[in-house]
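J.: Just so you know, the sequences run in chain order A and B. Residue numbering for the first sequence follows my numbering, starting at 89 and increasing by one per position. Residue numbering for the second sequence follows my numbering, starting at 89 and increasing by one per position. Backbone N, C-alpha and C define an ideal beta-carbon position, used for all residues, glycine too. What follows is a single structure, and I will ask about it in a moment.
Protein chains: 2
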Amino acid sequence: MTIHERIGPLFTDLYELTMAAGYYKHKLQADATFSMFVRGHESKRNYFVASGLENALKELASFYFTEDEIAFLEKTGLFEDNFLDYLKRLAFTGQVYAMQEGTIFFAHEPVMEITAPIIEAQILETFLLNTIGFSTLIASKAARCMYAASGRPLLDFSLRRTHGQDAGLTVARSAYITGFDATSNVLAGKLYGIPISGTMAHSFINAFDNESNAFLAYAKTFPANSIFLIDTYDTLEGARNAAKTAKEMKKKGIHPIGIRLDSGDMTALSIQVREILDKAGLNEMKIFASSDFDEFKIADAVAKGAKIDSFGVGTRMGVSADAPYLDIVYKLVNFDDRNVKKLSTGKITLAGEKQVFRKIDAHGMYQEDIIGLRNEDIENATPLLGKVMEHGKMLRPHPTLSEIRERFNKNFSCLSEQYKSIHHAVDYPVTISSSLKTLQNRAEP
Amino acid sequence: MTIHERIGPLFTDLYELTMAAGYYKHKLQADATFSMFVRGHESKRNYFVASGLENALKELASFYFTEDEIAFLEKTGLFEDNFLDYLKRLAFTGQVYAMQEGTIFFAHEPVMEITAPIIEAQILETFLLNTIGFSTLIASKAARCMYAASGRPLLDFSLRRTHGQDAGLTVARSAYITGFDATSNVLAGKLYGIPISGTMAHSFINAFDNESNAFLAYAKTFPANSIFLIDTYDTLEGARNAAKTAKEMKKKGIHPIGIRLDSGDMTALSIQVREILDKAGLNEMKIFASSDFDEFKIADAVAKGAKIDSFGVGTRMGVSADAPYLDIVYKLVNFDDRNVKKLSTGKITLAGEKQVFRKIDAHGMYQEDIIGLRNEDIENATPLLGKVMEHGKMLRPHPTLSEIRERFNKNFSCLSEQYKSIHHAVDYPVTISSSLKTLQNRAEP
């Protein structure tokens, strides 16, 4: 199981295939444009971080039905033979506009628009929403953690409680994009080249006859990489044992990196443990903490003066616990050169092929976004959607993870503090261009 | 990507491997028993539904390091050659006790205990927690939805917003175990044989020049399987269009199944739409609804008398939105014949190899569970943990999904109503046997 493997077109909702059969039977094969965007209502986020494009494009580039997949569809008894024959020859031949990964965007802005014969674009809906949606969900959550930590390094420790296996990989990647230092996820290290990190759990301490012997054994195994977990029995006693071991090691020229707290009152304990380490002359030893941290608990610890040098951030980031899904949708906005809108209660979709234009103020900060027509010109504004695929082929190599990380970093530095608030909802100004408004009035129905 | 494929031992936290290296260097190779259980604090559930064992055991049975995986570990520079040589020969040789999938269990009760040379059992921690934890999380959520629906059929529509790809498969499987009728997930249909379901989205309606033509086109493509989505423009107008189409189809001997509501006030609309359908003589047409449903919204709709025949349950079930993770842990309880306990603040672990005994009352209902020693006898009580693996080999074929579904169904019928409450926390009685208590007092430290 790796995220690089083909997932295949059966990773879809049945209705995508039954609609496709309906289009086929009624000879609807014209180009359709679908627009993907996040509705604002439930997402509890002032901004989002685009992520997941690389995996999405890889799958689009290898979109086809195998014989085995067709055989399953045949067995359902739902589909006519000529439609199944058509599927056998299907490939993705369309065009994709997308925001590059690492781009900051806002509710209602299309993060991707895809134009293809309607059957291709329809079948891909479920996969694209799943892939872009989840990756973006986690990048947006991880960015908040990173902001709350005010420069202290963060480590992704979420793997044991992510929702399954590729989720663990996606979390490690999305967190790394937004500035996490490393992950505990070894497979993510192998697949993505993300630095990996980690030392010991309570079971290691328990496997030795006492805590000091466990610390010593670990330090002998990894002289350059020891972080002692000190809360198995009593945290302060553990700190004293760790200090004693560290001092012995130092005499031999070995320097343990630090200690880790994993339970109890993080702020109070970190201050007490810092004192113990400092009194032992171990000012260089760092304090790592990992106990239910998310942006809120990190911010709280920082505000209260916790002596924590680095946070291990696990479950709550890895499942985006305060907002575990994005209200991300994929809507038909143009079909056969006809602009389309949908009026369902509370669920407006902007018709037409669009572009997102970003204006920058005199200090280089993001000032305003304008959702406009794809082909209009808006002065002094940068378009955020770029063409990344044409005729089903990628137009350029995907950026490296470091480049994506750098793009996020630049984007984030241009976002004013007010929008970075983790506690308050602050709307960044997103307006609709007059041309796009005019098109709405003319669009069907 | 399928859930049947080998995931591999690098799907682990780095510290599992560094601890393993520490054990290896210090010749700690004795058998260890780890116990997996859910802590009660944060889970918001009165009961849990065991799930995920089949995938866990498959991975245990194919646990080994490939050359490629060893090469990556070598490249990290963290590990000594003799440890890497050791890993090359590693396989899982241990013993597993587990509750069968579909079993209802409670906080603090071990759902799995695994005994193996400590290195094997340690490396597997992350994978086992991830696999059993997520699958159980969703089965426990889905059971609540099923209970709230009071016998109305449920459909899993979550695929677009699950946390990645194997999450989508696991959700379909876990929901089916607890009684969901079908899933929209085509791949889950292929891999697990779960019935698949689904008809049309708004884009299908939008692709035709008007709603009635879209309904007609769909009905012609799938005469036996039409469910018309009626809220694209105006729900009640949509209901009238659907009724008109259905009456025309009926004249030709074709019977559309029903309509689907996807936005607005589900209860009010369902009542109004029922009237429209009934007045048109379409009493047999069913009303499907799919709009942010979870156990709370389903219960609310049922209580208010909504005329909904079947619920499509999506995102909120698929991510367990009100409680998106289980506080599930995997703790060392015995090492080298020494019982081990851990005292970290607020995180007590019961030492020793254990069994869960369930007592049944005179009416066949679950009365009380007793966590005891694995080898003790408790009268008139059924042990819930069974040996499923010995010397790394599965002891019997895994039950079919239908058998698991049946086991859950039987379990659920023996759980008293009070514990099924979706709104109130009610503690089922779980006690600790006197022998297990005695062992705690003797256990180290």
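If I measure Cβ to Cβ from B:Ala108 and keep anything under 7 Å in the same chain, skipping five residues before and after, which residues do I get?
T.: Here residue 108 of chain B refers to the residue found at position 20 of the second sequence. So the qualifying residues of the chain are Ile207, Gln210 and Ile211.
J.: Cβ of B:Arg249 less than 7 Å from any chain A Cβ?
T.: Numbered from its first residue, the second sequence carries residue 249 of chain B at position 161. Chain A, which has a Cβ nearer than 7 Å to the Cβ of B:Arg249, makes this yes.
J.: Kindly indicate the opening and closing residues of the beta strand (DSSP E) around B:Phe122.
T.: Here residue 122 of chain B corresponds to residue number 34 of the second sequence, with the count starting at 1. Its beta strand (DSSP E) spans residues Asp119 to Val126.
J.: Anything in the region 118 to 133 of chain B with a Cβ closer than 8 Å to a Cβ of chain A? List those residues in chain order, please.
T.: Cβ contacts with chain A come from Ala120 and Phe122.
J.: With 7 Å as the threshold, decide whether the Cβ of A:Met89 is near any Cβ in chain B.
T.: If you number the first sequence from 1, residue 89 of chain A lands on position 1. The predicted model places A:Met89 with a pLDDT of 39, which falls under 50 and marks its position as unreliable, so this point remains unresolved.
J.: Beta-carbon within less than 7 Å of A:Ser300's beta-carbon, same chain only, minus the 5 sequence neighbours each way: which residues are those?
T.: Here residue 300 of chain A refers to the residue found at position 212 of the first sequence. Closer than 7 Å at the Cβ level, and outside the excluded window around A:Ser300, lie Asn329, Lys332 and Thr333.
J.: Below 7 Å between beta carbons: does that hold for A:Lys447 and A:Glu456?
T.: As a position in the first sequence, residue 447 of chain A is number 359, starting the count at 1. As a position in the first sequence, residue 456 of chain A is number 368, starting the count at 1. Contact flag set, yes.
J.: In this structure, does DSSP put A:Phe215 in helix, strand or coil?
T.: Within the first sequence, the letter at position 127 stands for residue 215 of chain A. Here A:Phe215 sits in helix by DSSP.
J.: Please report the residue range of the beta strand (DSSP E) in which A:Arg462 lies.
T.: Translated into positions along the first sequence, residue 462 of chain A becomes position 374. For A:Arg462, there is no enclosing beta strand (DSSP E), as DSSP marks it with neither H nor E.
J.: Quick check on DSSP: helix, strand or coil for B:Gln188?
T.: In the second sequence, the residue the question calls residue 188 of chain B occupies position 100. The answer is coil: DSSP assigns B:Gln188 none of H, G, I, E or B.
J.: Mind checking whether A:Phe399 and A:Ile386 have CB atoms under 7 Å apart?
T.: Position 311 of the first sequence, counted from the first residue, corresponds to residue 399 of chain A. Position 298 of the first sequence, counted from the first residue, corresponds to residue 386 of chain A. Going by C-beta atoms, A:Phe399 is nearer than 7 Å to A:Ile386.
J.: For A:Glu372, name the three-state secondary structure that DSSP assigns.
T.: Indexing the first sequence from 1 puts residue 372 of chain A at position 284. Coil.
J.: Using DSSP with H/G/I as helix, E/B as strand and the rest coil, what is B:Gly474?
T.: If you number the second sequence from 1, residue 474 of chain B lands on position 386. Looking at B:Gly474 - three-state DSSP - the assignment turns out to be strand.
J.: Could you give the C-beta distance for B:Ile149 and B:Gly402, rounded to a whole number, given that I count them as a contact under 8 Å?
T.: Here residue 149 of chain B corresponds to residue number 61 of the second sequence, with the count starting at 1. Here residue 402 of chain B corresponds to residue number 314 of the second sequence, with the count starting at 1. Looking at the sequence provided, one finds Ala at residue 149 of chain B rather than Ile. At roughly 34 Å, the Cβ-Cβ gap does not stay under 8 Å, so B:Ala149 and B:Gly402 are not in contact.
J.: For the region 176 to 193 of chain B, list every residue whose C-beta sits within 8 Å of some C-beta in chain A, in sequence order.
T.: none
J.: With H, G and I counted as helix, E and B as strand and the rest as coil, what does DSSP make of A:Thr90?
T.: Mapped onto the first sequence, residue 90 of chain A falls at position 2. Bear in mind that the predicted position of A:Thr90 carries a pLDDT of just 43, short of 50, making it too unreliable to give a figure here.
J.: Per the contact definition of three or more C-beta pairs closer than 8 Å, is the region 232 to 239 of chain A in contact with the region 189 to 202 of chain B?
T.: no
J.: Confirm, please, whether the CB-CB distance from B:Leu225 to B:Leu414 is below 7 Å.
T.: Taking the first residue of the second sequence as position 1, residue 414 of chain B is located at position 326. Taking the first residue of the second sequence as position 1, residue 225 of chain B is located at position 137. Note that the C-beta distance between B:Leu414 and B:Leu225 is below 7 Å.
J.: When the cut-off is 7 Å and only beta carbons count, does A:Ala227 lie next to chain B?
T.: For the purposes of this step, residue 227 of chain A is identified with residue 139 of the first sequence, where counting begins at 1. Not one chain B Cβ lies under 7 Å of A:Ala227.
J.: Taking contact to mean 3 or more Cβ pairs, one atom from each stretch, closer than 8 Å, check whether the region 101 to 116 of chain A and the region 486 to 493 of chain A are in contact.
T.: no
J.: Kindly indicate the opening and closing residues of the alpha helix (DSSP H) around B:Tyr264.
T.: Translated into positions along the second sequence, residue 264 of chain B becomes position 176. It spans Gln253 to Ile265 - the alpha helix (DSSP H) in which B:Tyr264 sits, taken as one unbroken run.
J.: Less than 7 Å between the C-beta atoms of A:Ile520 and A:Ile459, yes or no?
T.: The residue given as residue 520 of chain A occupies position 432 in the first sequence. The residue given as residue 459 of chain A occupies position 371 in the first sequence. With respect to the 7 Å criterion, A:Ile520 and A:Ile459 are classified as neighbours on the basis of their beta carbons.
J.: Could you tell me the distance, in whole angstroms, from the CA atom of B:Pro283 to the CA atom of B:Ala276?
T.: Within the second sequence, the letter at position 195 stands for residue 283 of chain B. Within the second sequence, the letter at position 188 stands for residue 276 of chain B. B:Pro283 and B:Ala276: Cα-Cα distance of roughly 9 Å.
J.: Looking at chain A, is there any beta carbon in it that lies within less than 7 Å of the beta carbon of B:Ser272?
T.: Position 184 of the second sequence, counted from the first residue, corresponds to residue 272 of chain B. Yes - at least one Cβ of chain A is within 7 Å of the one on B:Ser272.
J.: Can you tell me which of A:Asn218, A:Leu257 and A:Glu93 puts its alpha carbon nearest to the alpha carbon of B:Thr100?
T.: Walking along the second sequence from the start, residue 100 of chain B turns up at place 12. Put simply, of A:Asn218, A:Leu257 and A:Glu93 the residue whose alpha carbon is nearest the alpha carbon of B:Thr100 is A:Leu257.
J.: Hey, how far is the Cα of B:Lys146 from the Cα of A:Asn497?
T.: Numbered from its first residue, the second sequence carries residue 146 of chain B at position 58. Numbered from its first residue, the first sequence carries residue 497 of chain A at position 409. Distance between the alpha carbons of B:Lys146 and A:Asn497 is about 42 Å.
J.: Reducing DSSP to helix, strand and coil, say where A:Arg348 ends up.
T.: The residue labelled residue 348 of chain A in the question sits at position 260 within the first sequence. It is a strand residue.
J.: Answer yes or no: does any C-beta atom of chain B fall closer than 7 Å to that of A:Gln253?
T.: Counting from one through the first sequence, the residue named residue 253 of chain A turns up at place 165. Chain B contact via Cβ: present.
J.: Grab the span of the alpha helix (DSSP H) containing B:Tyr174 for me, first residue to last.
T.: Here the question's residue 174 of chain B lines up with position 86 in the second sequence. Its alpha helix (DSSP H) spans residues Asp169 to Lys176.
J.: By the 10 Å Cβ neighbour count, where 16 or more other Cβ atoms means buried, how is B:Asn62 classified, buried or exposed?
T.: The displayed coordinates of chain B run from 89 to 533. Any statement about residue 62 of chain B would go beyond what the structure contains.
J.: Excluding the 5 residues preceding and the 5 following A:Thr90 in the sequence, name in chain order all residues of the same chain whose CB lies nearer than 7 Å to its CB.
T.: As a position in the first sequence, residue 90 of chain A is number 2, starting the count at 1. Low confidence applies to A:Thr90: its pLDDT is 43, below 50, so where it sits in the model is not reliable enough to give any reading.
J.: Report, in whole angstroms, the separation of the C-beta atoms of B:Glu162 and B:Leu172, which I expect to be a contact under 8 Å.
T.: Position 74 of the second sequence, counted from the start, is the residue given in the question as residue 162 of chain B. Position 84 of the second sequence, counted from the start, is the residue given in the question as residue 172 of chain B. 6 Å between Cβ atoms; contact.
J.: What is the C-beta distance between A:Phe122 and A:Leu420, in whole angstroms, given that I count them as a contact (C-beta under 8 Å)?
T.: Numbered from 1 along the first sequence, position 34 holds the residue referred to as residue 122 of chain A. Numbered from 1 along the first sequence, position 332 holds the residue referred to as residue 420 of chain A. Right, their Cβ atoms sit about 6 Å apart.
J.: Who are the Cβ neighbours of A:Lys176 in its own chain at under 7 Å, not counting the five residues just before and after it?
T.: By 1-based counting over the first sequence, the position of residue 176 of chain A is 88. Result list for A:Lys176: Phe153 and Ile158, in chain order.
J.: DSSP three-state label for A:Ala52, please.
T.: Any question about residue 52 of chain A goes unanswered here, given that chain A covers just 89 to 533.
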